[in-house]
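Numbering (the numbering used here), first residue to last: 10 to 604.
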């Protein structure tokens, strides 16, 4: 063998022979240290520097992005890495923890840093009640919603000037309220609170009416401390309705109180009691009253509703309209309203009323609400408003409100009344609340407010302009429609209107005593009336119940100048508030709201 072939054999022996299983590249060739030195993911970086050589997007030259991975292999992930870039989120410092940050000092990061939030626009980052979507809180000196001006504000009833708590469990104080005027001749207006369920007889409560002749003490107090306490008797449930009126013509305001389950004139015929003014502090019972009007028939429930009409017959004494919603003159439970003209003294019967307004059909239950409409036609005499939530000519329980020209006389079949206003359709329950507003638009005619607690699901309130000499569908006739914030609120449970500061501008309060998921209830104050469709949530002031199931707005009434400050106030009932005991109820007084 030649030397040339010997050399070839020696070379083969030294290097070995390759076969089909031997790699043809260097991917599995280790270096002297045993670490891979190849670039398995072909990203330009070998495994000794590439922290994930199976992912070509990860290597020392990559950009750090927000994905929870160390993209650039520097041992820092996302926000830990000063070089992080890409899809960053901007966060603002939130010093007061209200979920909105100030407009300065923002950072960009993958995840929200402690003390930072995604939303900015907080105009006062030291006040947790101030942020862009906040409710405006009344009288706190802050621009809560950062809108730069006074808008809708929410008032906490716990901050009322005076809170009058029911004295006992189940009293249901605040189920009725009144601003009766000056009952003690001291030059200042007074207030009254009804508690129809209060009694030692749970199954047959006597009811109480509490009267404050002076401004109640600031803060919380018990109705047991009222100046005048009038107690019912025999389970007659005194306090279903309360009104102040000079019914005996002596120029001093009297207090008229209903007891719709009184049985003196027949089982549950109902009755009215007159407490003649001027009143003095003390405890009273029906035996102390100066006059009494008995329901005309057993079962009438006279006094279910009650209102003063002013002096519609010109004899110097004020006249009343009284609802008796189970009266049977127009058919079983058709209901009726009695117009009783004064003077009233001694014991009398509503059967002697100047006029009886009779329901159209059985089960109409006319008289669940009555009111003075004011002078709608410019005649100088107030018209009478009578409501029934159950009237069904426009659909089952669509409801109806009748405007009866004054002064009515004799028996009036309400089917003959021209101005009959109905709900839009089945279940609206138009007439849940009614009130004359006075002349809202300055045309010389009074206007009216009408509630329908289940219209539009959550309830609606209609402002209808006078004169009203013809009827129609309330929503079609309305110049303004106030709609509930949410379904099942029952907006329109109570309505009232007043010129709060004598400037000729009429303010309106409407309530939704089932407002909120927990039935806390709410009352909405509009300082001026408007036209069109309006949300209750756009009111100038919103009062919301203190607690679940309070039913704030069970009643509401504008008061006179109780404190002597020259402006009217607002009294709101919450018949199931619990401070005084379960369902003891409460009344909240806000003074000077006209200022």
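All C-beta atoms in this analysis are idealised placements derived from N, C-alpha and C, irrespective of residue type, glycine included.
What you are looking at is a predicted structure, and each value in this text was computed from that prediction instead of being measured.
Judged by beta-carbon spacing, residue 489 lies beyond the 7 Å limit of residue 444, meaning their Cβ atoms are not closer than that value. Burial check for residue 426: the Cβ neighbour count within 10 Å reaches 16 or more, so the residue is buried. In the three-state scheme derived from DSSP, where H, G and I count as helix and E and B as strand, residue 295 is classed as helix. Around the Cβ of residue 135, a 10 Å sphere holds fewer than 16 other Cβ atoms; the residue is exposed.
Within a 10 Å sphere around the beta-carbon of residue 591 sit fewer than 16 other beta-carbons, which makes this residue exposed.
When 177, 191, 516 are compared, the shortest CA-CA separation from residue 573 is found for 191. About 7 Å separates the beta carbons of residue 286 and residue 194, which is inside the 8 Å limit, making them a contact pair. Beyond the five residues adjoining it in sequence on each side, residue 97 comes within less than 7 Å, by CB distance, of 75, 117, 118, 119 in the same chain, given in chain order. The DSSP-derived three-state label of residue 378 is strand.
Between the alpha carbons of residue 371 and residue 343 lies a distance of about 4 Å.
Bridge partners of residue 284 according to DSSP: 264.
Here DSSP, grouped into helix, strand and coil, assigns residue 546 to helix. If the five residues before and after residue 258 are omitted, its C-beta is found closer than 8 Å to the C-beta atoms of 324, 325, 326, 351, 352, all from its own chain and listed in chain order. The beta carbon of residue 533 sits closer than 6 Å to the beta carbons of 519, 545, 548, 551 from its chain, once the five residues preceding and following it are set aside; these are given in chain order. Comparing alpha carbon positions, the residue from 312, 293, 291, 137 closest to residue 280 is 312. Residue 521 sits close to residue 500, with the two beta carbons spaced by under 7 Å.
Only exposed fits residue 58, as fewer than 16 other CB atoms lie within 10 angstroms of its CB.
Taking a contact to require three or more Cβ pairs closer than 8 Å, the segment 296-314 and the segment 225-234 do not qualify as touching.
Annotation: the segment 94-126 contains the following complete segments of the beta strand (DSSP E) (minimum length 3 residues), in chain order: 98-102, 116-118. Looking at the DSSP output, residue 222 bridges to nothing.
Taken through DSSP and simplified to helix, strand or coil, residue 391 comes out as coil. Pairwise C-beta distances place the segment 96-113 out of contact with the segment 60-73, as fewer than three of them are shorter than 8 Å.
With 16 or more other Cβ atoms inside 10 Å of its own Cβ, residue 410 counts as buried. The C-beta of residue 94 has fewer than 16 other C-beta atoms within 10 Å across all chains shown, which makes the residue exposed. A residue is called buried when at least 16 other Cβ atoms come within 10 angstroms of its Cβ; residue 331 meets this threshold and is buried. Ranked by how close their Cα comes to the Cα of residue 569, the residues 224, 50, 88, 143 have 224 in first place. Take the alpha-carbon of residue 283 and the one of residue 214: they are about 20 Å apart. In this structure, DSSP gives residue 73 a state outside helix and strand, which the three-state scheme calls coil.
The three-state secondary structure of residue 523, taken from DSSP, is coil.
In the assembly as shown, residue 122 is an exposed residue. Its beta-carbon has fewer than 16 other beta-carbons within 10 Å. Under DSSP, residue 492 takes part in a beta bridge, and its partners are 469, 544. For residue 485, no beta strand (DSSP E) run applies; the uninterrupted alpha helix (DSSP H) run containing it begins and ends at 483-486, by DSSP. The beta carbon of residue 541 sits closer than 8 Å to those of 489, 490, all from its chain and outside the five residues before and after it, given in chain order. Burial check for residue 92: the Cβ neighbour count within 10 Å stays below 16, so the residue is exposed. In the same chain as residue 349, and ignoring 5 residues on each side of it, the C-beta atoms closer than 7 Å to its own belong to 302, 328, 329, 331, 359, 362, 363, in chain order. Excluding the 5 residues flanking it on each side, residue 380 has same chain C-beta neighbours closer than 7 Å at 316, 394, 443, 444, 445, in chain order.
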